[in-house]
Amino acid sequence: MLGFILATVSSFFYSFYVVPRKLSKLKPLDFSFLMAMAFFVCSTVLYLVQHLFNFQEKLSPILLLSVLAGAIWAFAFVTFVKAIDSIGLSRSNQWKNLQGPIAAVLSLIILSEWKTTRPVFVILAGLAVFISALCFTISSSKEEAKAHRAGAYLAVLAGVGFGIVAVMQKYVTTHTGVYTQQMVWSFSIFICLGTYILARGKKLPRLQLYNTDTKLALGAGVLYLGASFFQLQSYKHLPASIAFTVIQLNTVWTIAIGVYYFKEISAKKYYRRLILGMIFALSGIGALALAKK
47 MLGFILATVS SFFYSFYVVP RKLSKLKPLD FSFLMAMAFF VCSTVLYLVQ HLFNFQEKLS
107 PILLLSVLAG AIWAFAFVTF VKAIDSIGLS RSNQWKNLQG PIAAVLSLII LSEWKTTRPV
167 FVILAGLAVF ISALCFTISS SKEEAKAHRA GAYLAVLAGV GFGIVAVMQK YVTTHTGVYT
227 QQMVWSFSIF ICLGTYILAR GKKLPRLQLY NTDTKLALGA GVLYLGASFF QLQSYKHLPA
287 SIAFTVIQLN TVWTIAIGVY YFKEISAKKY YRRLILGMIF ALSGIGALAL AKK
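Heads up: the sequence shown runs through residues 47 to 339, numbered per the numbering used here.
Set out below in structure tokens:
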């Protein structure tokens, strides 16, 4: 039960950490870099604090996977930010949430979780999430539909990256723990984004604490710390194929924010598709209640 609670708490943070992007006018790379900076600083503080309570974690070469995971996540996040800019928060989130089924299938195969999980329910959950994404991809013109397809491709690409990272994180959590992994992983994200910006011949964004856009990016990094921390903690109690898909409950919170706060989709005009999409999203997550043997 604790694993499900931790994964659900993580899902709230996963919804809220992307909201600042909707309010910020920074370029995708600049926003991602500043967010990564805040995430790394917070992860480092958390790592130092846990030492005060003697929650010692062993160092292992397996942590090198976290370095690779950071590089993949950095690419996926920038792609996701571009998808949000293109098709909005609610639509992009649903396509990105294919990360859940992707991570689940990879976990079943790579981590041998098929021994403790019923694969058929995981596959059904993935299909339900895909149908849900289709329901939320609403366009009012051919031009808009074309733009939505491009944005959906970006979100799916981000989902693939996030799904791969989730499997790597489960493996590292099992063998090393949470705090050290999170610090190494966040540092890799921060360095990879900074290196990429400099490699393109551009300057790193300045840390202007009085600037609203900067505050939004840094706030996103702090919120992501919550999403990441509770996700990794849930991995201690649940298979990744179940925990990471439970985290996709962020579907509910993100769609509510996108539809009712940002007015991205007309609830009055498209209420049937919104209800149908929500039913499929919840059905996909509900299927996981039967997935664990």
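Glycine included, every Cβ here is placed at the ideal spot set by N, Cα and C.
Here DSSP, grouped into helix, strand and coil, assigns T220 to helix.
If you ignore the 5 residues before and after V113, its C-beta comes within less than 7 Å of the C-beta of V230 and S234, all in its own chain and listed in chain order.
Contiguous alpha helix (DSSP H) elements confined to the segment 113-200 occur at 135-142, 145-156 and 165-182, taking only those with 4 or more residues. Between the segment 245-262 and the segment 280-291 there are fewer than three C-beta pairs closer than 8 Å, too few to call the two in contact. Across the structure, G49 and S153 are spaced so that their CA atoms are roughly 17 Å apart.
Between the segment 69-80 and the segment 123-139, the count of C-beta pairs closer than 8 Å reaches three or more; the two stretches touch. Taking 8 Å as the cut-off, the beta carbon of I148 is found closer than this to the beta carbon of V206. The segment 298-305 makes contact with the segment 60-73, as at least three CB pairs between them are under 8 Å.
Between the segment 216-232 and the segment 95-109, the count of C-beta pairs closer than 8 Å reaches three or more; the two stretches touch. Distance between V224 and Y93, taken at the CA atoms: about 9 Å. DSSP places Y317 in the helix class (H, G or I) of the three-state scheme. V95 sits exposed, since fewer than 16 C-beta atoms from the chains shown fall within 10 Å of its C-beta.
The distance from the Cβ of V202 to that of W141 is about 5 Å, consistent with a contact at the 8 Å cut-off.
Here the segment 126-140 does not lie against the segment 233-248, with fewer than 3 beta-carbon pairs under 8 Å apart. When DSSP states are grouped into helix, strand and coil, F77 belongs to the helix group. In terms of Cα proximity to K161, the closest of F86, S287 and C238 is S287. Considering only Y316, L180 and L105, the residue with the shortest C-alpha distance to R137 is L180. Short of 7 Å from the beta carbon of L200, and not among the five residues preceding or following it, lie these beta carbons of its own chain, in chain order: T125, K128, A129 and S132.
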